[in-house]
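J.: Residue numbers (our numbering): 60 to 347.
For glycine and all other residues, C-beta sits at the position ideal for the given N, C-alpha and C.
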Amino acid sequence: MKVQDIPCRTILNPTGGFLGSGFTHTINLYRGCALGNTLCGLYCYAQWNSFHLQGRRWGSFLDVKDGVIDAYRSQYDRLKHPRSGEAKPIHIFMSSVTEPYPPQERTTRRTRQLLEEMSIRPPDSLVIQTHTPLVIEDLFLLQELHTRCRVNINITVETDQPTLPQPFPPHAYSPESRIQALKTLRDAGLHTVATVSPLLPLRDPWQFASNLESSSDRVILDHYLLGDGSPEGQRTERTALPQLLRDTGFAEWTMLEKFHEIVGIFQEVFVDIDRIGVSREGFNASGP
Ligand code: SF4
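#1: With a threshold of 16 other CB atoms inside 10 Å of the CB of P70, please say whether the residue is buried or exposed.
#2: List in chain order the residues whose CB is within less than 6 Å of at least one heavy atom of the ligand SF4.
#3: List, from N- to C-terminal side, the alpha helix (DSSP H) runs of 4 residues or more that fit wholly inside the region 210-261.
#4: How about F318 and L258: are their beta carbons less than 8 Å apart?
#5: The alpha helix (DSSP H) that contains Y89, what's its start and end?
#6: Measuring only the C-alpha atoms, how far is L94 from F329?
#7: What's the call for H230, buried or exposed, on a 16-neighbour Cβ count within 10 Å?
#8: Going by DSSP in three states, I367 sits in which element: helix, strand or coil?
#9: Are I149 and D197 touching if we call contact CB-CB under 8 Å?
#10: State the CB to CB distance for the pair I128 and E203, rounded to an integer number of angstroms; the pair is presumed to be in contact (CB under 8 Å).
#11: Spell out a yes or no on whether the region 212-222 and the region 289-297 are touching, meaning 3 or more CB-CB pairs, one atom from each, closer than 8 Å.
#12: With a 10 Å radius around its C-beta and 16 neighbouring C-beta atoms as the bar for buried, classify R116 as buried or exposed.
#13: Between the Cα of F152 and those of P192, Q63, R209, G144, spot the shortest distance and give me the residue it belongs to.
#14: Out of A247, A130, F342, T166, which has the shortest C-alpha to C-alpha gap to R277?
#15: Could you pull the start and end residues of the alpha helix (DSSP H) that H111 belongs to?
#16: Alpha carbon to alpha carbon, what distance is there between L284 and D306?
#17: Indicate whether I195 and L271 have their beta-carbon atoms separated by less than 8 Å.
#18: Below 8 Å on the Cβ atoms is my contact criterion, and I expect S274 with L241 to pass it. Report the Cβ-Cβ distance as a whole number of Å.
#19: Out of T254, A344, D281, D122, point me to the one whose CA is closest to L88's CA.
#20: Checking 8 Å against the spacing of the C-beta atoms, do V61 and F120 come in under that value?
#21: At 4 residues or longer, what runs of the alpha helix (DSSP H) sit wholly inside the region 103-158?
#22: Would you list the one or two residues that DSSP bridges to R277?
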């Protein structure tokens with residue numbers, strides 16, 4: 060894994076497409092991803108971003124953005140304190156094409172430093188979307204920020220299986236550790252969302268739904284055929300995921316019939332269907 064610093068002049072990126080109806084901006088403090096060689100890297104939509112790759116292999120690099128705080132300050136002040144006209148809303152989704160809590164965050168502290176700055180310059184709302192339980196290390200900071208703006212913590216838990224059969228790569232962090240992180244955050248008064256996205260094969264769907272119901276305020280369910288940002292999951296079909304599922308006896312999980320069956324189980328377990336979101340509408344409902 061090659062880790063290097065890169066300069067950054069703007070950090071609040073206007074949204075469009077998949078997140079455009081719920082958020083005004085995305086923030087990505089890193090480029091590339093340290094988790095790119097793990098299970099989620101297999102299907103990760105960000106791996107097709109040629110501007111970020113610059114000929115490099117997904118999972119082989121992590122660019123750490125420098126100058127993030129200065130960029131946030133100046134963009135924030137222009138949006139919230141314009142020389143003329145009204146202040147603009149800032150509803151942030153962090154992150155859309157990288158992981159905000161890679162293991163390197165423990166030394167770079169890019170995400171932590173930005174959260175500290177946000178407690179001075181709070182957005183209107185912030186969604187943190189992560190694949191790792193490391194977010195709980197910023198628990199006190201998130202609680203403080205939550206008093207200044209709406210904060211949602213989304214943690215992806217795409218399956219209940221600790222491992223999928225070879226040749227699937229391993230998880231970076233176990234599903235159990237991520238569910239425990241959701242519970243810790245929720246018990247601390249933060250708004251938590253389990254994102255089952257994309258849905259992968261489940262061993263016990265009823266128990267999985269029950270575990271997420273007791274650890275999360277909401278759940279968002281998605282299938283790559285619906286939510287990978289391309290018609291009929293074409294982007295994911297370019298990855299090894301669909302064929303590996305078929306080769307390892309999970310072909311039914313590549314079909315929407317199975318997805319709708321799982322949504323039905325979640326609806327029965329959660330009872331309050333307002334706590335369940337599906338695909339694009341579900342993600343955008345986390346915004347304002
Ligand atoms: S953590 Fe997120 S950005 Fe990183 S490889 Fe996994 S899905 Fe992609």
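T.: Reading it off the structure:
#1: The question names Pro, but residue 70 is Ile in the sequence shown. With 16 or more other Cβ atoms within 10 Å, it is buried.
#2: Output, sorted by chain position: C92, L94, G95, C99, G100, C103, A105, T157, E158, H190.
#3: Here the runs fully enclosed are 234-246.
#4: yes
#5: In the DSSP assignment, Y89 falls outside any alpha helix (DSSP H) and lies within the beta strand (DSSP E) extending over 89-91.
#6: 31 Å
#7: buried
#8: No information on residue 367 is available, as it lies outside the stretch 60 to 347 that the chain covers here.
#9: no
#10: Contact between I128 and E203 is ruled out by a C-beta separation of about 17 Å, above the 8 Å threshold.
#11: Segments in contact, no.
#12: Of the other Cβ atoms in all chains shown, fewer than 16 fall within 10 Å of the Cβ of R116; this residue is therefore exposed.
#13: R209
#14: F342
#15: Looking at the DSSP string, the run of the alpha helix (DSSP H) that includes H111 is 109-112.
#16: Their Cα atoms are separated by approximately 18 Å.
#17: no
#18: 4 Å
#19: D122
#20: A small correction: the amino acid at residue 61 is Lys; Val does not occupy that position in the sequence shown. Between K61 and F120, the C-beta spacing is below 8 Å.
#21: 109-112, 127-139
#22: V252
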